[in-house]
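Just so you know, the protein sequences line up as chains A and B, in that order.
Using our numbering, read the first sequence as starting at 1 and increasing by one per residue.
Using our numbering, read the second sequence as starting at 1 and increasing by one per residue.
We put the CB at the ideal spot given by N, CA and C, even for glycine.
Predicted model only: the values in this text are computed from it and were never measured.
The next block holds one structure in the form of structure tokens; read it before the comments.
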Amino acid sequence: MTYEAVIGLEVHVQLKTATKLFCGCRNEFGAEPNSRVCPVCLGLPGALPVPNEAAVIQTILTGLMMGSSIRPRAKFDRKNYFYPDMPKNYQISQYDQPLCLGGEVSLPVLAFPKDAQKEPQALAGKKVRLVRIHLEEDVGKSFHLENCSGIDFNRAGTPLMEIVTEADLTTPEEAFALLTTIREILRYGKVSDVDMEKGQLRCDVNISVRPVGTEAFGTKREIKNLNSISAVRRALKHEIQSQIELVSSGGTVVQETLRWDDARGETIPMRTKEQAHDYRYFPDPDLLPIRTEGRLRTEAERRMPELPETKKSRLRETYGLSEYQASVLASDPPLADYFEKAARSTRNPLTLANLTLNDYLALRQDSPDPMSIPPEYFGQLADLVSDGTLNSRQGREVLAILIQAPRPPKEIAQERGLTQISDSQVLEEFCREAIAANPKSVADFKGGKAAAINSLKGFVMKKTRGQANPQRIHELLESLLREP
Amino acid sequence: MDHSVPTVGIDVAYVAGLARLRLSPEEIETFGNQLEQVLAYVKKLEEVDVQDVVLAGEEKGFQNRLRLDLALPELSPNEALENAPQQRGGLFLVPRIIE
Numbered sequence: 001m002t003y004e005a006v007i008g009l010e011v012h013v014q015l016k017t018a019t020k021l022f023c024g025c026r027n028e029f030g031a032e033p034n035s036r037v038c039p040v041c042l043g044l045p046g047a048l049p050v051p052n053e054a055a056v057i058q059t060i061l062t063g064l065m066m067g068s069s070i071r072p073r074a075k076f077d078r079k080n081y082f083y084p085d086m087p088k089n090y091q092i093s094q095y096d097q098p099l100c101l102g103g104e105v106s107l108p109v110l111a112f113p114k115d116a117q118k119e120p121q122a123l124a125g126k127k128v129r130l131v132r133i134h135l136e137e138d139v140g141k142s143f144h145l146e147n148c149s150g151i152d153f154n155r156a157g158t159p160l161m162e163i164v165t166e167a168d169l170t171t172p173e174e175a176f177a178l179l180t181t182i183r184e185i186l187r188y189g190k191v192s193d194v195d196m197e198k199g200q201l202r203c204d205v206n207i208s209v210r211p212v213g214t215e216a217f218g219t220k221r222e223i224k225n226l227n228s229i230s231a232v233r234r235a236l237k238h239e240i241q242s243q244i245e246l247v248s249s250g251g252t253v254v255q256e257t258l259r260w261d262d263a264r265g266e267t268i269p270m271r272t273k274e275q276a277h278d279y280r281y282f283p284d285p286d287l288l289p290i291r292t293e294g295r296l297r298t299e300a301e302r303r304m305p306e307l308p309e310t311k312k313s314r315l316r317e318t319y320g321l322s323e324y325q326a327s328v329l330a331s332d333p334p335l336a337d338y339f340e341k342a343a344r345s346t347r348n349p350l351t352l353a354n355l356t357l358n359d360y361l362a363l364r365q366d367s368p369d370p371m372s373i374p375p376e377y378f379g380q381l382a383d384l385v386s387d388g389t390l391n392s393r394q395g396r397e398v399l400a401i402l403i404q405a406p407r408p409p410k411e412i413a414q415e416r417g418l419t420q421i422s423d424s425q426v427l428e429e430f431c432r433e434a435i436a437a438n439p440k441s442v443a444d445f446k447g448g449k450a451a452a453i454n455s456l457k458g459f460v461m462k463k464t465r466g467q468a469n470p471q472r473i474h475e476l477l478e479s480l481l482r483e484p
Numbered sequence: 001m002d003h004s005v006p007t008v009g010i011d012v013a014y015v016a017g018l019a020r021l022r023l024s025p026e027e028i029e030t031f032g033n034q035l036e037q038v039l040a041y042v043k044k045l046e047e048v049d050v051q052d053v054v055l056a057g058e059e060k061g062f063q064n065r066l067r068l069d070l071a072l073p074e075l076s077p078n079e080a081l082e083n084a085p086q087q088r089g090g091l092f093l094v095p096r097i098i099e
């Protein structure tokens, strides 16, 4: 019997606000322990929470970006549990009236892991439905010491958005693609930096398996607190495998909460919060409901960005870019903006895209601000390359100089004597010389070894100190060699 | 126990477990009775006619009560930890958390 997995995700995202969700303490990573706290987030008696409107707007914006229905009325509830990472013994969350309901995220091919992009699952264009998006407060950070635990409440009360999906996913790769897509959308909306190192995206996954073709769900197990997209893929792979092995050998899956040990590549049952599924939610009497129509919603709509998928198809259509080129540009909105500005100054946006993705990105690695090149110079450089004045190596050279000291690229090329020789008569001389000097390669080529032409090309490039147009040489050599 | 008020039915041992409280059988009995009385008293609120009461947030002229995303002064770590039964290295110490 073959089995399939049924997977649902709960994605927790730290929002990019200046302050916490219910008090004015700074929302800041890496500060001295317990230095970003006040009576509200320490749960001291008599303190009253007041919601941060920026966090509410960002959650509504996320809902808009993911096609959710924004509820006109939302409220906050207390989720009760006894665990020292929250000083109040409850976490303020949203239970039955979240800010956003429903929604949908499509999985583009390039969101899948590289090794899976050619598989049918990556090409299917699957849509994953969302159950809801709600806003809650994050909990403190615990450190496990030898005989006790130490708590830092700096993170307690910072805004955390939870995106809950339907159990629409069937493979670890789809989960990977969903998280990659969500991360990109959130960055577009400037809702979160989604920095994994800082734990800004954490994920709980629910997994069960069932025989292919059946409808009923198997018993699910939950893996909590996965903190990177690739860890989610690895953990799912492992868990699906072990559930299938268990079920197909006649065993039954027991409902359980697990922790993933990424270093060891195994899941470990958690003993915490065992009975805590009884959270005894009730409306937080300290907080009024929130009405989203009016200013909150208008403000979220005003901040609505062009979404990644829209940008990709626009880049493809406007500039004739490939799916891959459009995706790489769209994954980096400032770069895409820069490309579009430069594209106004070139006749050949495709060459510009190649320059951007191959050379410019490489240079950016070690240059602090390559976008200091005026975009029109960058566009002009693309023209020099596309009309054959410069070959691609020379184009790279000019680009490197442009980053140091921006000037019109034509001037740089002339000064450095960096013009490509495209004059056929001149090139033909060099090609004849190459043929005369390399009888062996000529014989090889004529004997059927097409690659032998490369050593002749190399000869010409050397003679011209790299300034010959390689395309032209190739054509010339071929026609000369075919001469009877 | 006053039997004129309706009983609520509360599993004291279970709730005590959730709250990490260790109670003796006598305490479970005592607290059970007391909680029953308190909750039964509160339950009387269900008798109030709320048909004409407007739900919070639904009243005319309702305004959201939100704050701007602006920082306010925090406590210093010393102030924050002042009443902690145990502390070390700027952290609140608690019994070891088992994962």
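Looking only at C-alpha atoms, which of A:G189, A:M304, A:P211 and A:E174 sits nearest to E4 (chain A)?
When only C-alpha atoms are compared, the closest one is A:P211.
Is it a yes or a no for the segment 26–45 of chain A touching the segment 165–174 of chain A, going by three-plus beta-carbon pairs under 8 angstroms?
As far as the Cβ criterion goes, the segment 26–45 of chain A does not touch the segment 165–174 of chain A, which means the pair count is below three.
By the three-class DSSP mapping on this structure, what secondary structure does A111 (chain A) have?
Correct three-state label for A111 (chain A): helix.
I28 (chain B) CB to nearest chain A CB: under 7 angstroms?
With 7 angstroms as the cut-off, I28 (chain B) does not count as an interface residue toward chain A.
Quick one, which residues of the segment 9–33 of chain B are near chain A if we go by CB-CB under 7 angstroms, in chain order?
Hits within the stretch, in order: G17, L18, A19 and R20.
Using the C-alpha atoms, what's the distance from A74 (chain A) back to S68 (chain A)?
Cα to Cα, S68 (chain A) sits roughly 14 angstroms from A74 (chain A).
Would you mind listing the beta strand (DSSP E) stretches within the segment 211–280 of chain A that are 3+ residues and don't spill past its ends, in chain order?
Listed in chain order, the complete beta strand (DSSP E) runs (minimum 3 residues) inside the segment 211–280 of chain A are 221–226, 256–261 and 266–269.
List the residues of chain A that D69 (chain B) touches, going by C-beta distances under 8 angstroms, in chain order.
Per Cβ cutoff of 8 angstroms: T17, A18, T19, N52, E53, A54 and A55.
Mind checking if Q275 (chain A) is an interface residue toward chain B, Cβ cutoff 7 angstroms exclusive?
For Q275 (chain A), the predicted structure reports a pLDDT of 49, less than 50, and the residue's modelled location is therefore unreliable. A value from the coordinates is still provided. Yes, because at least one Cβ of chain B sits closer than 7 angstroms to the Cβ of Q275 (chain A).
Please check the pair I398 (chain A) and P406 (chain A), which I expect to be a contact at CB under 8 angstroms, by giving their CB distance rounded to whole angstroms.
Reading the sequence as shown, one finds Val at residue 398 (chain A) and not Ile. Contact flag wrong, Cβ pair sits at about 11 angstroms.
Which residues mark the beginning and the end of the beta strand (DSSP E) in which E137 (chain A) is found?
From DSSP, the beta strand (DSSP E) with E137 (chain A) extends over K127 to E137.
What's the call for H134 (chain A), buried or exposed, on a 16-neighbour Cβ count within 10 Å?
When all chains shown are included, H134 (chain A) counts as buried.
Can you have a look at F282 (chain A) and say buried or exposed, based on whether 16 or more other CB atoms are within 10 angstroms of its CB?
Burial call: exposed.
Just the C-alpha distance for T252 (chain A) and T59 (chain A), rounded to the nearest angstrom, thanks.
One C-alpha to the other measures close to 39 angstroms.
Measure the alpha-carbon distance for I70 (chain A) versus P470 (chain A) and round it to whole angstroms.
In a straight line, the C-alpha of I70 (chain A) is about 58 angstroms away from that of P470 (chain A).
I need the boundaries of the beta strand (DSSP E) containing A5 (chain A), first residue and last residue.
From DSSP, the beta strand (DSSP E) with A5 (chain A) extends over Y3 to Q14.
How big is the Cα-Cα spacing for E428 (chain A) and A450 (chain A)?
Going by the C-alpha atoms only, they are around 20 angstroms apart.
Going by C-alpha distance, which of A:I182, A:I223 and A:A31 is nearest G103 (chain A)?
Minimum Cα distance to G103 (chain A) is reached at A:I182.
Grouping DSSP H, G and I as helix and E and B as strand, with all else coil, what is S4 (chain B)?
Model confidence at S4 (chain B) stands at a pLDDT of 47, short of 50, so the residue's coordinates are unreliable; what they give is reported in the following sentence. Three-state result, S4 (chain B): coil.
Going by beta carbon distance, what residues of the same chain come within less than 6 angstroms of P84 (chain A), once the five residues before and after it are set aside?
Cβ neighbours of P84 (chain A) beyond the five flanking positions: I151.
Report the residue ranges of all alpha helix (DSSP H) runs contained in full by the segment 324–382 of chain A; include only those spanning at least 4 residues, in chain order.
You should have 333–343, 349–354 and 361–364.
Between G150 (chain A) and chain B, is there a C-beta pair that is closer than 7 angstroms?
Answer yes: the Cβ-Cβ gap between G150 (chain A) and chain B drops below 7 angstroms somewhere.
Rounded to whole angstroms, how far is the Cβ of F569 (chain A) from the Cβ of A452 (chain A), which I believe are closer than 8 angstroms?
Nothing about residue 569 (chain A) can be reported from this structure: the residues present for chain A run from 1 to 484 only.
Hey, out of A:S192, A:A300, A:V194 and A:W260, whose CA is closest to D204 (chain A)'s CA?
Out of A:S192, A:A300, A:V194 and A:W260, A:W260 has the C-alpha closest to the C-alpha of D204 (chain A).
Answer yes if the segment 336–352 of chain A comes into contact with the segment 376–389 of chain A, meaning at least three C-beta pairs across the two stretches below 8 angstroms, and no otherwise.
With a cut-off of 8 angstroms, the segment 336–352 of chain A and the segment 376–389 of chain A count as touching, because enough Cβ pairs lie within range.
List the whole-angstrom C-beta distance separating T170 (chain A) from D138 (chain A), where the pair is believed to meet the contact cut-off of C-beta under 8 angstroms.
The Cβ separation is near 30 angstroms, so there is no contact.
Hey, is the segment 303–323 of chain A in contact with the segment 345–352 of chain A, meaning 3+ C-beta pairs nearer than 8 angstroms?
Enough Cβ pairs lie closer than 8 angstroms, so yes.
What three-state label does DSSP hand K75 (chain A) in the structure shown?
In the structure shown, K75 (chain A) sits in coil (DSSP, three-state: anything other than H, G, I, E or B).
Along chain A, which residues have their Cβ under 7 angstroms away from the Cβ of E100 (chain B)?
This structure leaves residue 100 (chain B) out entirely; chain B is present only between 1 and 99.
Quick one: grab the DSSP three-state call for L160 (chain A).
L160 (chain A): strand per DSSP, three-state reduction.
For P33 (chain A), return the contacting residues in chain B, with the cut-off set at a CB-CB distance below 8 angstroms.
Result: P77, G89, G90 and L91.
Could you work out which residue in A:E174, A:F176, A:E197 and A:M161 is closest to L186 (chain A) when comparing CA atoms only?
For L186 (chain A), the nearest C-alpha among the options comes from A:M161.
So S142 (chain A) contacts chain B; which residues on that side make the cut at Cβ distance below 7 angstroms?
The contacting residues are I97.
Which residues in the same chain as D262 (chain A) place their Cβ atom closer than 6 angstroms to its Cβ, once the five residues preceding and following it in sequence are excluded?
Around D262 (chain A): A231.
Let me check understanding here. Comparing Cα to Cα, which of A:P374, A:L15 and A:L363 lies closest to D193 (chain A)?
With distances taken between Cα atoms, D193 (chain A) lies closest to A:L15.
Mark D284 (chain A) as exposed unless 16 or more other C-beta atoms lie within 10 angstroms of its C-beta, in which case mark it buried.
D284 (chain A) is buried by the Cβ-count criterion.
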